[in-house]
Amino acid sequence: MEFSVPDYAQRPDNKRLSHIPGSFGTPLLGDTFAFVMDPYKVLHKHYQQYGDVFKASLTFQKMVVALGPEYVQQMTLDSSRSFSTRMGYDGPMGDFFAGGLLMKDFDEHKFHRRIMQTAFKIDAMRSYVDLMQPIIEAQISQWGKCDDFQFYPNVKTLLLDVGAKVFLGLDMEGAETRALNQSFLDMNEGPMALIRKDWPGLKYRKGMNGRRALERFFVDLVPQRRGVSGSDMATYFANERSEQGEYYSEQVVGEHLIFLLLAAHDTTTSALSMASYYLANDIAWQDRLYEELKCLDKPALEYDDLGTAVPDLDHCFKETLRLNPPVPMFMRRTVKEVEVGGHTLAPDTMVQVSPLYVQRMEAWWRDPHRFDPDRFAREEHKQHSFLWAPFGGGAHKCIGLHFADMLFKCTLAQLVMRYRIRFAKTDQYQGKIQHFPFAKPMDNLPLVLEPR
28 MEFSVPDYAQ RPDNKRLSHI PGSFGTPLLG DTFAFVMDPY KVLHKHYQQY
78 GDVFKASLTF QKMVVALGPE YVQQMTLDSS RSFSTRMGYD GPMGDFFAGG
128 LLMKDFDEHK FHRRIMQTAF KIDAMRSYVD LMQPIIEAQI SQWGKCDDFQ
178 FYPNVKTLLL DVGAKVFLGL DMEGAETRAL NQSFLDMNEG PMALIRKDWP
228 GLKYRKGMNG RRALERFFVD LVPQRRGVSG SDMATYFANE RSEQGEYYSE
278 QVVGEHLIFL LLAAHDTTTS ALSMASYYLA NDIAWQDRLY EELKCLDKPA
328 LEYDDLGTAV PDLDHCFKET LRLNPPVPMF MRRTVKEVEV GGHTLAPDTM
378 VQVSPLYVQR MEAWWRDPHR FDPDRFAREE HKQHSFLWAP FGGGAHKCIG
428 LHFADMLFKC TLAQLVMRYR IRFAKTDQYQ GKIQHFPFAK PMDNLPLVLE
478 PR
């Protein structure tokens, strides 16, 4: 089924925002650099000065920012179909995620989401646990033998190998793994480029070259998966059919695989890195997790263990994503006139809501900047249904949220059962954190792994 380019995708942003309180800051740059370095600080400053709805210039774009769980709900549920996800992310990510679910709206989004339905059903998810656990165990068992161990690059390699197996059905080694990983790294750098031109010598070109390499790899893989059985996502996607009984094109399937593998790989790498950062500072919580897991009396978690059997592990996952959501801001652009917080926004107005800010709002959370998984036992998050929303909501709610939960828990469980982790240096906690494109300690998190 073909979808035409919608009219609103061909219109420029509306920047006539004089009726909205706030400031665009420095000409051209706005508050972009300060926002990239510390997004919470910048948003909080504007919130205190202008209230919960204000205009700002962030990421080189003039936009309206709305801070509060009610605005996350309004924009993600979008019952009136007023907000375009495609146009919200088109500026920074349109070239890189073209064809992915993030860049599709309304009926087109619903149509393409069908491609992924089988791959995220319970039977498929059970099989993914069986595929990933041997890889996790084999690599984590070797981590304790490393000198000058840095958590971030090692968990990134681990999750790329897991992704290759679960998403693609491949056992990649050596040069092939390094090449694929480098393509991901290059593509990730592209959206952060200051000069957004696909010209030789520029960071944007390097990012686009990474994207093109991934596209060739995934599109070539699809015909190999047609008409065969398998328990990897590529096989599920390649054999999914439309309501007319036709295969989706190799290009369509390949683009969806790029987006999902990138999203799952980098967001879970970030979550595990930040969880390890907090746990290295909190030995008591490490030991709680260890005792909970030891009581299961199993070498590794099984699919049925991932829910009520491990409440402390579940709360640790939720608290990590509260403090460092995988997507710190949700971007949309209005497709028609809509009211937000008592302000009328014209069509084509950029709008941001921020789970990173909402999930640390002092009005809702007790001691909001502290790592405290027990707040989920106290059910602080239930004061509003969108107070904790790292995966979004509505039609665009992350389709891979249960997979991310599963991968995080299986990996962290193996780490905690095998080692007690501590910082390699005395001043690591409260160190510098990189927030974009995903959160991670800027020093790559050097750790000492003490065998239990």
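Quick note on my numbering: the sequence shown kicks off at 28 and runs consecutively.
Virtual Cβ for every residue (Gly too), placed ideally from N, Cα, C.
Taking the alpha carbon of residue i as the reference point, which residue from the options has its own alpha carbon closest?
{"i": "Arg223", "options": "Leu442, Asp117 and Val69", "result": "Asp117"}
{"i": "Ala165", "options": "Arg359, His462, Met114 and Pro326", "result": "Pro326"}
{"i": "Ala93", "options": "Leu323, Ser111 and Leu70", "result": "Leu70"}
{"i": "Phe51", "options": "Ser412, Leu306 and Leu85", "result": "Leu85"}
{"i": "Lys424", "options": "Glu97, Thr112, Glu318 and Tyr231", "result": "Thr112"}
{"i": "Val380", "options": "Asn351, Arg359 and His396", "result": "Arg359"}
{"i": "Phe244", "options": "Arg253, Tyr231, Glu267 and Ala206", "result": "Ala206"}
{"i": "Tyr330", "options": "Ile47, Ala431, Phe30 and Glu318", "result": "Ala431"}
{"i": "Phe300", "options": "Ala265, Leu442, His139 and Asp314", "result": "According to the sequence as given, residue 300 is Ser; it is not Phe. Answer by Cα proximity: Leu442."}
{"i": "Ala291", "options": "Thr453, Phe463, Ala36 and Leu428", "result": "Leu428"}
{"i": "His370", "options": "Asp198, Phe30, Leu44 and Gln100", "result": "Leu44"}
{"i": "Pro96", "options": "Pro48, Gly419 and Ala466", "result": "Gly419"}
{"i": "Phe403", "options": "Ile448, Pro464 and Leu348", "result": "Leu348"}
{"i": "Arg268", "options": "Asn41, Met114, Phe62 and Phe138", "result": "Phe138"}
{"i": "Ala5", "options": "Gly127, Trp312 and Leu195", "result": "The requested residue 5 is not part of the displayed model; the chain covers only 28 to 479."}
{"i": "Leu333", "options": "Tyr179, Tyr231, Ser106 and Cys437", "result": "Cys437"}
{"i": "Tyr384", "options": "His73, Pro54 and Asp40", "result": "His73"}
{"i": "Ile163", "options": "Asp247, Val193 and Val378", "result": "Val193"}
{"i": "Asn308", "options": "Pro352, Leu472, Met120 and Met235", "result": "Leu472"}
{"i": "Leu56", "options": "Gln88, Gln37 and His46", "result": "Gln88"}
{"i": "Arg479", "options": "Met90, Thr184, Ile310 and Met214", "result": "Ile310"}
{"i": "Arg445", "options": "Asp247, Tyr77, Leu197 and Val475", "result": "Val475"}
{"i": "Arg140", "options": "His462, Glu270, Gln461 and Leu350", "result": "Glu270"}
{"i": "Lys459", "options": "Leu306, Asp470, Asp375 and Ala451", "result": "Asp470"}
{"i": "Phe178", "options": "Phe463, Glu477, Phe465 and Ser303", "result": "Ser303"}
{"i": "Ala298", "options": "Leu434, Gln76, Gln100 and Leu372", "result": "Leu434"}
{"i": "Ala422", "options": "Glu477, Gln101, Phe60 and Tyr231", "result": "Gln101"}
By DSSP, does residue i sit in helix, in strand, or in coil?
{"i": "Arg153", "result": "helix"}
{"i": "Phe435", "result": "helix"}
{"i": "Leu372", "result": "strand"}
{"i": "Val32", "result": "coil"}
{"i": "Ser168", "result": "helix"}
{"i": "Ala93", "result": "strand"}
{"i": "Gln271", "result": "coil"}
{"i": "Leu85", "result": "strand"}
{"i": "Gln177", "result": "strand"}
{"i": "Val255", "result": "coil"}
{"i": "Lys452", "result": "coil"}
{"i": "Asp399", "result": "coil"}
{"i": "Phe418", "result": "coil"}
{"i": "Gln386", "result": "coil"}
{"i": "Leu350", "result": "helix"}
{"i": "Phe133", "result": "helix"}
{"i": "Gln410", "result": "helix"}
{"i": "Lys68", "result": "helix"}
{"i": "Pro161", "result": "helix"}
{"i": "Pro119", "result": "helix"}
{"i": "Arg141", "result": "helix"}
{"i": "Leu442", "result": "helix"}
{"i": "Leu428", "result": "helix"}
{"i": "Phe147", "result": "helix"}
In this structure, what does DSSP give as the bridge partners for residue i?
{"i": "Glu477", "result": "Arg447"}
{"i": "Lys467", "result": "Gln461"}
{"i": "Ser111", "result": "Arg360"}
{"i": "Val380", "result": "Phe357"}
{"i": "Val365", "result": "Leu372"}
{"i": "Thr53", "result": "Gly57"}
{"i": "Asn41", "result": "Thr376"}
{"i": "Val63", "result": "Answer by DSSP bridge pairing: none, since Val63 is not bridged."}
{"i": "Val80", "result": "Ala93"}
Report yes or no: is there a C-beta of chain B within less than 8 Å of the C-beta of residue i?
{"i": "His292", "result": "Reference to chain B is not applicable here, since this structure consists of a single protein chain."}
Would you check if the region 234 to 246 and the region 141 to 150 touch, i.e. whether three or more CB-CB distances between them fall below 8 Å?
-> Below 8 Å, too few C-beta pairs join the region 141 to 150 and the region 234 to 246 to call them touching: fewer than three.
Scan the region 293 to 346 and note each continuous alpha helix (DSSP H) run of 4 residues or more that stays entirely inside, going in chain order.
-> Entirely contained in the region 293 to 346, the alpha helix (DSSP H) runs reaching 4 residues are, in chain order, 310 to 323.
Could you tell me which uninterrupted beta strand (DSSP E) segments, each at least 3 residues in length, are contained entirely in the region 179 to 252, listed from first to last along the chain?
-> Here no run is fully enclosed.
Touch check for the region 406 to 413 and the region 276 to 289: three-plus C-beta pairs under 8 Å?
-> The count of Cβ pairs closer than 8 Å, one atom from the region 406 to 413 and one from the region 276 to 289, stays below three, leaving the stretches out of contact.
Would you be able to state if there are at least three C-beta pairs under 8 Å between the region 247 to 257 and the region 389 to 398?
-> The way I'd put it, the region 389 to 398 doesn't touch the region 247 to 257; fewer than three beta-carbon pairs between them come closer than 8 Å.
Cβ pair count under 8 Å reaching 3, the region 185 to 194 against the region 153 to 170 | By the Cβ criterion, the region 185 to 194 is in contact with the region 153 to 170, since at least three pairs of Cβ atoms, one from each stretch, lie closer than 8 Å.
Could you say if the region 259 to 270 and the region 138 to 147 meet the contact criterion of at least three C-beta pairs nearer than 8 Å?
-> Result yes; three or more Cβ-Cβ pairs closer than 8 Å.
Can we say the region 447 to 466 touches the region 124 to 144, given the rule of at least three CB pairs closer than 8 Å?
-> Under the three-pair Cβ rule at 8 Å, the region 447 to 466 does not count as touching the region 124 to 144.
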